[in-house]
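These notes are about the structure you will find just below.
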Amino acid sequence: MLTADEIASAVASELERFPHLTFAVLFGSAASGRMRPDSDVDVAVYGASAGRLEIEQEREIDRETEIQIALERTTQRNVELLVMNRAPATVCSSALTSGRVVLMRDAAFYSRYFLAVTSVAIDFLQTEREYRAIRDRSRSLSPVDRSRLERIADFIDTEMEDRERFRDVTQHRYRSDRDLRRNLDRWVEILINAAIDIGKIVLSCAQRPIPYTYGQILADLETLPDFAALSGRLQPLAALRNLMAHEYLDLRFGRIMRFVAEGAGAVGELSRLTRRWISQSEEPCET
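Numbering (this note's numbering), first residue to last: 4 to 290.
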């Protein structure tokens, strides 16, 4: 049976055969030196994404099954393969901060990803704590949370008044005008965060299980009958939120302008549906 160091060396050597992997990390017991005879080997990989950061993206990377089979053959153990393009940021952040890098093809990109995914993870842990607090304090919409939802809806309506001034922004202006870029970036970010906050409150009041990602919060919100009209329109916004502060200007510009043209409309509609949901909610039943 291979030792922990031999497993790390074997994993590193095997992953070199897959040129589409940007970096990889050995984590869990194999990285900490606490392996038991029946321990699995935990390996996190990031698939090349043409220079674009991918966090919690719903896609498979090339040859996933082949990678896992190759790693199990070379380590002589079961392998848990974590795809960092797709997995929850909290899990990826933990793997990176506690693990051991075994493949590195682009150190600069790795640094960008590390900063981005750890930032998203820290933010989401706070969201998770708030979700638990809301769910634990009431079985339906409490006066406190009703007020919060009303304030968020008011905020969205006010911010939507700025939408027209951003519709015709060119890439040249976005790159050259720092004030405009700062204002547009901030506008996009706060609207998406407002949508996530609505999802957090509504789902927790409905006693839904705690989601694992921002994308799941928005996707789960879309499954509620009162918000079904937004099906497929909210969940994609989480990916943009996760990358706003860490993606290159030229790469994020297209995503931002798609939000101005389409995504912002979904957030505006969410405000309307939220007001209707509030008006139809039963009187609060405190725990």
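Glycine included, every Cβ here is placed at the ideal spot set by N, Cα and C. In this text, all values refer to a predicted model and were calculated from it rather than measured experimentally.
Boundaries (first-last residue) of the alpha helix (DSSP H) holding residue i
i: M4; result: It is not in any alpha helix (DSSP H) - M4 carries neither H nor E in the DSSP assignment.
i: E225; result: 217-226
i: Q283; result: 267-283
Simplified DSSP assignment, three categories, for residue i
i: C288; result: The predicted model places C288 with a pLDDT of 38, which falls under 50 and marks its position as unreliable; any figure quoted below should be read in that light. Residue state, collapsed to three classes: coil.
i: D200; result: helix
i: Y49; result: strand
i: E57; result: coil
i: L106; result: strand
i: E250; result: coil
i: L74; result: helix
i: S12; result: helix
i: D41; result: coil
i: E17; result: helix
Boundaries (first-last residue) of the beta strand (DSSP E) holding residue i
i: L29; result: 24-30
i: L144; result: That residue, L144, is in no beta strand (DSSP E); it is neither H nor E in DSSP.
i: L233; result: Counting along the chain, L233 falls outside any beta strand (DSSP E), and DSSP gives it neither H nor E.
Buried/exposed call for residue i, threshold 16 Cβ in 10 Å
i: S282; result: exposed
i: P239; result: buried
i: N245; result: buried
i: A136; result: exposed
i: T277; result: buried
i: S179; result: exposed
i: S207; result: buried
i: M38; result: buried
i: T6; result: exposed
i: Y49; result: buried
i: V44; result: buried
i: Q174; result: exposed
i: R80; result: buried
i: A242; result: buried
i: L99; result: buried
i: D223; result: buried
i: D171; result: exposed
i: T78; result: buried
i: Q60; result: buried
i: D148; result: buried
i: E63; result: exposed
i: R176; result: exposed
Cutoff 8 Å: residue i Cβ touching any chain C Cβ
i: M247; result: No chain C appears in this structure, which consists of one protein chain only.
Contact between the stretch 256-274 and the stretch 85-104 is defined here as three or more beta-carbon pairs at a separation below 8 Å; is this criterion met?
no
Touching or not, the stretch 154-166 and the stretch 195-207, by the rule of three or more beta carbon pairs under 8 Å?
yes
Between the stretch 164-172 and the stretch 230-249, are three or more C-beta pairs nearer than 8 Å?
no
Count Cβ pairs between the stretch 257-268 and the stretch 179-199 that sit closer than 8 Å; are there 3 or more?
yes
At least three beta-carbon pairs within less than 8 Å, the stretch 214-223 to the stretch 8-22
no
Along the chain, which unbroken stretches of the alpha helix (DSSP H) at least 4 residues long are found entirely within the stretch 152-205?
166-169, 174-179
Three CB pairs or more closer than 8 Å across the stretch 65-82 and the stretch 9-19:
yes
Taking one C-beta from the stretch 27-34 and one from the stretch 98-115 each time, how about it: are there three or more such pairs within less than 8 Å?
yes
Looking at C-beta atoms only, is the number of pairs between the stretch 108-128 and the stretch 52-59 that lie closer than 8 Å three or more?
yes
Contained alpha helix (DSSP H) runs [length at least 4] in the stretch 84-134, N- to C-terminal order:
92-101
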